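Here's the structure we're looking at; comments come further down.
Numbering (full-length UniProt numbering), first residue to last: 1 to 347.
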């Protein structure tokens, strides 16, 4: 039998690449189930055959075996011998107890409320309206406020997402002349915990909505920072804590389109001292999309569909900041792990 011709081999590879993207929802839903069943925890603890995993999770063994085999094919599990499974380095992040865990992140971003929104992506593309709002009859933030368990999962997911960036910001930013830090949209306090732990001379405020800061007192207390860190609930479109030397906004602007993002920035500008500095930590899109950094473009599209928000390019950030009373001093790409850091001063 003759071997495959070079041009045919290339066509076959291209065909397979497209089919893998088409099947992306299959992999994400398999990940959702694996996270719910805590398959990675069980495998890590030595429960590694499909039969034993099925017994531990109350699953149908032949079906679970096939699901795990599919996850092995996409690089999550491994199958060193038929019916016995391990974890790849990527799959290790599905462990709920791993220091590098993305277990909550996986569960939240594969939640049916987001998945069903993506089924209506055509509505967004045709109208520019948020698909989540159209499907659920309310925006994602109202939905979260009405779903305590999902809100807690979201906060946990954001904490996991922040872990690497928090360490990078704490280690990479010069806090020598800073006394107090206000973390706006600070969630459970993961970022500020890293900063205050690294720099004992600082005090800080974690500021977010009531549901956003629900876990922050516990995180701050467990880190032994209660005497140096205040947790404040409020609406950052109306007011933010005053008197800080440094204001940080991490992974917040992507949630909003330009009008609410500008309102947030004007609120910050109105309440911060003239000599204070603003740090924005988040993705900064390249001017053209490439395959080098797909995650931020996936995030941009997800914000469009599920929240009505957007990621921004460097020039878009500069224009937004200029319109709201700030001047960009530095844009440090990938200075916080996969995220960038924008330093801005009051104009």
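Backbone N, C-alpha and C define an ideal beta-carbon position, used for all residues, glycine too. Every value quoted in this text rests on a predicted model; they were computed, and no experiment measured them.
- Between the stretch 289-304 and the stretch 264-277 there are fewer than three inter-stretch CB-CB distances shorter than 8 Å, so the stretches are not counted as touching.
- Between residue 346 and residue 326 the beta-carbon gap is near 6 Å, inside 8 Å, which marks them as a contact.
- The C-alpha of residue 8 is placed about 58 Å away from the C-alpha of residue 210.
- Restricting attention to 124, 258, 288, the CA atom closest to the CA of residue 321 is found in 258.
- Runs of the beta strand (DSSP E) spanning 3 or more residues and lying entirely within the stretch 257-286 occur at 277-282, in chain order.
- A distance below 8 Å separates the beta carbons of residue 335 and residue 168.
- Excluding five sequence positions before and after residue 338, none of the CB atoms of its chain fall closer than 6 Å to its own CB.
- When the beta-carbon positions are compared, residue 244 and residue 330 stay at least 8 Å from each other.
- Per DSSP, residue 183 is one residue of the beta strand (DSSP E) stretching across 180-184.
- In this structure, the straight-line span from the alpha carbon of residue 146 to that of residue 10 is close to 50 Å.
- The C-beta of residue 89 has fewer than 16 other C-beta atoms within 10 Å across all chains shown, which makes the residue exposed.
- The DSSP-derived three-state label of residue 101 is coil.
- Here residue 186 is near residue 207, since their CB atoms are less than 8 Å apart.
- Uninterrupted beta strand (DSSP E) stretches at least 3 residues long and entirely within the stretch 154-225 occur at 180-184, 203-208, given in chain order.
- Between residue 155 and residue 212, the gap from beta carbon to beta carbon is short of 8 Å.
- Between the alpha carbons of residue 46 and residue 283 lies a distance of about 38 Å.
- When rounded, the separation of the alpha-carbon atoms in residue 133 and residue 127 is 12 Å.
- The stretch 136-145 makes no contact with the stretch 169-180: fewer than 3 CB pairs, one atom from each, lie closer than 8 Å.
- Under the 10 Å beta carbon count, residue 12 is surrounded by fewer than 16 other beta carbons and is classified as exposed.
- Secondary structure at residue 344: strand, using DSSP grouped into helix, strand and coil.
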